[in-house]
Amino acid sequence: MIEVLSRPALGVIFHPGFPPESLAAYARRAESAGFDELWLWDDCFLAGALTSAAIALSATDHLKVGIGLVPATTINPLFAAMELTTLARAFPGRILPGFGHGLASWMTQIGAAPTSSLTSLRETVTAVRQLLRGEMVTMQGEQVKLDKVQMHLTPTSIPPLYVGAIREKTLRLAGRVGDGTIMPAMSSLAYIRWAREHIRAGMAEAGRTQHRVVVYLDVKVSPDGEMARAAARQSLAEWLPWNDAHMDTLGITSDVAALLEKHGADGFAQHMPDAWLDAMTAAGTPDQAMQSLERFMAIGVDSLVLQPLNGDPDGLDEYIRYLMPALKPGR
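Per this note's numbering, the sequence shown runs over residues 1072 to 1402.
Have a look at this one:
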């Protein structure tokens, strides 16, 4: 079964655009505020997530640190296992690594585009898990080629391996080979329900019984609710037209196309229905944002991760001031 907590773990994202020298203080503030998890991205051309994870873990006492995600084609499974072993042994039970396809244009730009992104992801996650277990691994795959490779040092507690997924085939793959799935921002409740069905199908194919679901959620909160919603609306408008799975599961694909044709990209945000904003973000006054957060928590995700809009530097301050007293009462 997909593991469901009575109330999800709460996470927050440290955007890769933030200065890495500010990460230690950011992580300490998140932990002190009551967040359970801090999530990092391994975006191209910015700070690296594995080294960033070491900084965040060293700066805190019990905060779990997730990597969502490392593109599978950019790292050899042995070196991934080596890095994860180091973190898992130094900080047992606190590292949550995730793998995914990576942005296709970036993978092409850096010469890491696979013949099959699904095959690459499957081979990488499978090989990394086997190596972390101390197994002798021989794999002559399409992407991964290992010849009698075995770790001499392994974690005392093997970290769960997450898969970042959006569309049906990758969601099923996540269910087959992952310990959890990372769903990106814009994941509405309708999308989460749809995605879970594909994850469960993959789990059934592999005979897996446990799986965690991590959901990123764009959150902007302020006493000036109109300002917060306008900012979230603009951010959503920039990304929504490129995310077919999120539009399809909400049944708004044709409506998005019609709005874009009528108002153009510049007017799309202004004319976007409030219902879309409420379905895919938590934005507005503290009361409005909490109402949205409660809906996402009620669906039973295992980790709900608050995401500052486009690397909004005010995000963490706003979450601590306006949301955490209600999300973590009596902390």
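For glycine and all other residues, C-beta sits at the position ideal for the given N, C-alpha and C.
{"Asked": "Starting from residue 1283, follow its DSSP beta bridges and name the residues at the other end.", "Found": "1251"}
{"Asked": "Only counting the same chain, and skipping five residues up and downstream in sequence, which positions put a Cβ closer than 8 Å to that of residue 1181?", "Found": "1115, 1145"}
{"Asked": "At a cut of 8 Å, does the region 1100-1107 reach the region 1079-1089 through at least three beta carbon pairs?", "Found": "yes"}
{"Asked": "Can you tell me which of the three DSSP states residue 1400 falls into?", "Found": "coil"}
{"Asked": "On the criterion of 16 or more Cβ atoms from any shown chain inside 10 Å, does residue 1208 qualify as buried, or is it exposed?", "Found": "buried"}
{"Asked": "Taking residue 1224 as the reference, give the member of 1320, 1158, 1393, 1296 with the closest Cα.", "Found": "1158"}
{"Asked": "Going by DSSP, what residue range makes up the beta strand (DSSP E) through residue 1110?", "Found": "1108-1111"}
{"Asked": "For residue 1335, count neighbouring C-beta atoms within 10 Å of its own C-beta (all shown protein chains included) and say buried if the count is 16 or more, exposed if not.", "Found": "exposed"}
{"Asked": "Closer than 6 Å by C-beta to residue 1298: which residues in its own chain qualify, once you throw out the five before and the five after it? Chain order, please.", "Found": "none"}
{"Asked": "For residue 1075, which three-state DSSP category applies?", "Found": "Its pLDDT being 41, under 50, residue 1075 is placed unreliably in this model, and the value from its coordinates should be taken loosely. It is coil, neither helix nor strand."}
{"Asked": "Is the separation between the beta-carbon of residue 1263 and that of residue 1370 shorter than 8 Å?", "Found": "yes"}
{"Asked": "Let me make sure I understand the geometry here. Which of 1227, 1350, 1190, 1226 has the alpha-carbon closest to that of residue 1210?", "Found": "1190"}
{"Asked": "Output the distance between the C-alpha atoms of residue 1383 and residue 1193, rounded to the nearest integer angstrom.", "Found": "34 Å"}
{"Asked": "Can you say whether residue 1332 is buried or exposed, counting buried as having 16 or more other CB atoms within 10 angstroms of its CB?", "Found": "exposed"}
{"Asked": "Report, in whole angstroms, the separation of the C-beta atoms of residue 1244 and residue 1222, which I expect to be a contact under 8 Å.", "Found": "With a Cβ gap of about 24 Å, residue 1244 and residue 1222 do not count as contacting."}
{"Asked": "Going by C-alpha distance, which of 1186, 1172, 1195, 1124 is nearest residue 1152?", "Found": "1195"}
{"Asked": "Just tell me which of 1174, 1220, 1309, 1291 has its CA closest to the CA of residue 1150.", "Found": "1220"}
{"Asked": "Using a threshold of 8 Å, state whether the C-beta atoms of residue 1079 and residue 1375 are closer than that.", "Found": "yes"}
{"Asked": "Using only CA atoms, which one of 1337, 1134, 1140 lies nearest to residue 1174?", "Found": "1140"}
{"Asked": "Take residue 1287 as the anchor and find which of 1123, 1197, 1137 has the nearest alpha-carbon.", "Found": "1137"}
{"Asked": "Taking the Cβ atom as the reference point for each residue, do residue 1363 and residue 1317 lie within a distance shorter than 8 Å?", "Found": "no"}
{"Asked": "So residue 1378 and residue 1256 are in contact, right, with Cβ under 8 Å, and what is the actual spacing, rounded?", "Found": "5 Å"}
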